[in-house]
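Residue numbering for the sequence shown follows UniProt numbering, beginning at 1 and increasing consecutively.
Note that CB positions come from ideal geometry on N, CA and C, so glycine has one too.
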Amino acid sequence: MSTREGARALSRARERAAEAAARVRDPEMPMLTLADLGVLRAVEIERDARGDETVIVSITPTYTGCPAMATMRDDLVHRLNDAGFPRVEVRVVLSPPWSTDWISERGRAALREAGLSAPGPAPRPAGPVPLTLGPARPAPPCPRCGSAATRLTSEFGATACKALYRCTGCLEPFEHVKEI
């Protein structure tokens with residue numbers, strides 16, 4: 001096989017691996033893929049001196065200590081093994097830190113369709129971040145009826161990255177993915 005053919009084969013393999021990795025679902029919010037959530041950072045293939053290929057997948061946790069990282073890693077390894085890649089390494093990349101701004105538009109739509117309030121733009125103050133003990137952001141609109149009349153009921157939902165709200169219009173509770 002020529003060098004050019006080898007490079008094309010490696011490129012095709014990387015594309016197949018990236019497509020397989022992009023289909024892995026988030027274990028805490030299964031309506032999202034890791035790609036839609038924005039935690040899937042890169043998929044590369046490295047070839048060692050013997051010509052053996054290893055798929056290297058880079059992911060970023062949504063927050064420090066995220067308990068879903070081990071499941072994400074295992075799901076990526078299994079999905080890639082099933083796609084014909086026997087050697088897989090998952091690397092955790094912490095810089096830059098994940099932001100809710102990385103959630104795709106398709107991911108935001110999937111959150112809304114599942115009855116979750118999708119996050120707005122993450123706050124990015126210039127200079128030092130001011131410490132405030134009051135509500136940092138306006139309450140999100142209700143994902144069910146669209147009312148702006150909502151109130152926070154708990155800063156923590158089923159996972160630490162969500163907060164619980166109640167709509168005072170339709171009276172339904174809902175989870176909101178926090179802006180980070």
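Beta-bridge annotation (DSSP): phenylalanine 174 is paired with Tyr165. Assignment of beta-bridge partners to threonine 150 by DSSP yields Cys167. About 7 Å separates the beta carbons of tyrosine 165 and arginine 151, which is inside the 8 Å limit, making them a contact pair. The C-beta of glutamate 46 has fewer than 16 other C-beta atoms within 10 Å across all chains shown, which makes the residue exposed. Look at the beta carbons and you see the stretch 29-36 touching the stretch 103-112: at least three pairs across the two are nearer than 8 Å. Distance between proline 128 and cysteine 161, taken at the CA atoms: about 23 Å. In the three-state scheme derived from DSSP, where H, G and I count as helix and E and B as strand, valine 93 is classed as coil.
Taking arginine 14 as the centre and dropping the five residues before and after it, the same chain places the C-beta of Ile45 closer than 6 Å to its C-beta, in chain order. Per DSSP, arginine 47 is one residue of the beta strand (DSSP E) stretching across 40-47.
Distance from the CA of alanine 9 to the CA of glutamate 175, rounded to the nearest whole angstrom, comes to 45 Å. Take the alpha-carbon of glycine 51 and the one of alanine 139: they are about 55 Å apart.
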